[in-house]
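Trainee: My structure is below; once you've seen it, I'll send some questions.
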Amino acid sequence: MIKEFEGKTEQEAIAIAMDALQLDLDEFDVEILDTGKRGLFKKSNVRIRVYLHNENQTDSDTEDVSNIGEYEQNVIDFVTTLLSKMGYPGFVKINFQTDNKLGLEIVSDHSAIIIGKKGKNLDAIQLIVNVYAGQLNSGVKVIIDSENYRLRHEEQLVKLAIRTGEQVRRNGHSKLLDPMNPFERRLIHTALNDMEGVRTKSEGEGLFKQVRISIDDELPPLRKE
Amino acid sequence: MEKDLVEYIAKSLVDQPDEVLVHLIEGEQSTIVELKVAPDDVGKVIGKQGRIANAVRVILSASAAKSGKHVQLEILD
């Protein structure tokens, strides 16, 4: 597949091409058709021609389906079987993929129960899947989502952090949040990191600690978290 | 149903899937699922601080929520 792009400079043309094709630089070859240097003052656009290495990667909708590796297929099959054995059949697709993460999306009529209260069931499924997937490839963390729950939940937590932070700053009373896992607590800490006048600290033992939001009385903390 | 589910999960986590045994004790309102695995694999189905066992329990109760029955998982050793 061959496509042509234009830009003020060579770099800009390549950037436009990468953006339009949703590809990285190493996924295509670039040939410069017109350097744009006509004269001292008359600069026209640089034209480039782009050659794609992999034909089926151009269509971003089919990208995921067309090159699922053995490992990914294995994990997807495991989740699919697990769901059907739970009695909540659904189908599983790849949401995103990086070097050390594999994001899976469960599409099912039963997503409410698959997610569970506060994502409890989703977390349990994710844990079991990670133990299983760890046997195949220990370098990859599998993230399981359904109905975009994780993103919605993250936004909710950040909102909660900011709302509570403002409340604490207003009335001066510290507030203890519900127990959360490390990932959730991190979101709270980061969300309030930039807020003036409040500080956050985790309390408790074990995996599920509680974050306390209190007013910053200008004293340096004894121990940094 | 519950038996199948626990068996499937356990077999995919252990080193010796042939040694996995699941036994159901059905009561009127609740079911007890007994899971037995090879001695070397017990840690694999329990996990650090019981994390895996608890995840299996959560999955099990989510699955049983449909029938309204209470399901308990016991790991024998």
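Residue numbers (the working numbering), protein chains in the order written: chain A, 1 to 225; chain B, 1 to 77.
Backbone N, C-alpha and C fix where the C-beta goes; we use that ideal spot for every residue, glycine too.
Is the Cβ of B/Leu21 closer than 8 Å to any Cβ of chain A?
Mentor: Taking Cβ atoms only, chain A never reaches closer than 8 Å to B/Leu21, which makes this a no.
Trainee: Can you tell me the Cα-Cα spacing of A/Thr62 and A/Leu157, whole angstroms?
Mentor: Note on A/Thr62: pLDDT 42, under 50, position unreliable in the model; no value is reported.
Trainee: Between B/Leu5 and chain A, is any beta-carbon pair separated by less than 8 Å?
Mentor: Judged by the 8 Å Cβ criterion, B/Leu5 is in contact with chain A.
Trainee: Could you check if A/Phe91 is buried or exposed, using at least 16 other CB atoms within 10 Å of its CB as the buried criterion?
Mentor: By the neighbour-count rule (16 or more Cβ atoms within 10 Å), A/Phe91 is not buried but exposed.
Trainee: Which chain A residues sit within Cβ distance under 9 Å of B/Ile9?
Mentor: Within 9 Å Cβ-Cβ: Leu82, Lys85, Ile128 and Tyr132.
Trainee: Determine the chain A residues that contact B/Val37 at a beta-carbon separation under 8 Å, and present them in chain order.
Mentor: What B/Val37 touches in chain A: nothing, since even the nearest Cβ is about 14 Å away.
Trainee: How about A/Phe91: is its C-beta nearer than 8 Å to some C-beta of chain B?
Mentor: Not one chain B Cβ lies under 8 Å of A/Phe91.
Trainee: What are the start and end residues of the alpha helix (DSSP H) that includes A/Ile68?
Mentor: A/Ile68 -> no alpha helix (DSSP H), and no H or E assigned at all.
Trainee: Does the distance from the CB of B/Val37 to the CB of B/Val56 come in under 8 Å?
Mentor: The answer is no: Cβ separation not under 8 Å.
Trainee: For the beta strand (DSSP E) holding B/Glu26, just list the boundary residues, first then last.
Mentor: Where B/Glu26 is concerned, the enclosing beta strand (DSSP E) stretches over Leu21 to Glu26.
Trainee: Spatial neighbours of B/Asp4 within its chain, please: CB distance less than 6 Å, with the 5 preceding and 5 following residues excluded, ordered by chain position.
Mentor: Cβ within range, chain order: n/a, list empty.
Trainee: Which of the residues in the stretch 109-126 of chain A, read from start to end, lie with their CB under 8 Å from any CB of chain B?
Mentor: If the cut-off is 8 Å between Cβ atoms, the stretch 109-126 of chain A has Ile113, Ile114, Gly116, Lys120, Asn121, Asp123, Ala124 and Ile125 near chain B.
Trainee: Put B/Leu13 into one of helix, strand or coil per three-state DSSP.
Mentor: Helix at B/Leu13.
Trainee: Look at the Cβ atom of A/Asn45, then the Cβ atom of A/Lys8, and state whether they are nearer than 8 Å.
Mentor: Yes; because the gap between Cβ atoms is below 8 Å, this pair is in contact.
Trainee: Look at the Cβ atom of A/Gly119, then the Cβ atom of A/Tyr149, and state whether they are nearer than 8 Å.
Mentor: Yes.
Trainee: Measure from the alpha carbon of B/Pro17 to the alpha carbon of each residue in B/Asn54, B/Ala64, B/Asp41 and B/Lys69, then state which is nearest.
Mentor: Nearest C-alpha to B/Pro17: B/Asp41.
Trainee: Is the beta carbon of A/Ile188 sitting closer than 8 Å to the one on A/Val168?
Mentor: Contact flag unset, no.
Trainee: Tell me which residues share the same chain as B/Leu60 and place their Cβ nearer than 8 Å to its Cβ, disregarding the 5 neighbours each side in the sequence.
Mentor: Hits under 8 Å: Glu2, Leu5, Val6, Val33, Val71 and Leu73.
Trainee: Let me make sure I understand the geometry here. Which of A/Asn181, A/Val75 and A/Lys3 has the alpha-carbon closest to that of A/Arg47?
Mentor: The candidate whose alpha carbon is nearest that of A/Arg47 is A/Lys3.
Trainee: Can you give the Cα-Cα distance for A/Thr81 and B/Ile75, rounded to whole angstroms?
Mentor: Approximately 23 Å, taken between the alpha carbons.
Trainee: At least one CB of chain B closer than 8 Å to the CB of A/Phe5: is that the case?
Mentor: Output row for A/Phe5: interface = no.
Trainee: For A/Leu83 and A/Ser111, which I take to be in contact (beta-carbon distance under 8 Å), what is that distance rounded to the nearest angstrom?
Mentor: Wrong, their Cβ atoms sit about 10 Å apart, outside the cutoff.
Trainee: With burial defined as no fewer than 16 other Cβ atoms inside 10 Å of the residue's Cβ, what is the status of A/Glu72: buried or exposed?
Mentor: By the neighbour-count rule (16 or more Cβ atoms within 10 Å), A/Glu72 is buried.
Trainee: For A/Tyr51, count the other beta carbons within 10 Å of its own beta carbon; 16 or more makes it buried, fewer makes it exposed. Which is it?
Mentor: A/Tyr51 is exposed by the Cβ-count criterion.
Trainee: Between the C-alpha atoms of A/Ile14 and A/Glu6, what's the straight-line distance to the nearest angstrom?
Mentor: Approximately 8 Å between the Cα atoms of the pair.
Trainee: What are the uninterrupted segments assigned as alpha helix (DSSP H) that are 4 or more residues long and contained completely in the stretch 102-155 of chain A, given in chain order?
Mentor: Entirely contained in the stretch 102-155 of chain A, the alpha helix (DSSP H) runs reaching 4 residues are, in chain order, 111-115 and 120-136.
Trainee: Would the stretch 191-210 of chain A count as touching the stretch 162-182 of chain A if we require 3 or more Cβ pairs under 8 Å?
Mentor: In short, these stretches touch, since the Cβ pair count reaches three.
Trainee: Let me check understanding here. Comparing Cα to Cα, which of A/Gly116, A/Gly139, A/Glu166 and A/Ile32 lies closest to A/Glu147?
Mentor: Here the closest residue by C-alpha is A/Gly116.
Trainee: Report the option in A/Ser174, A/Met18, A/Glu205 and A/Lys209 whose CA atom is closest to the CA atom of A/Met180.
Mentor: The shortest C-alpha separation from A/Met180 is found at A/Lys209.
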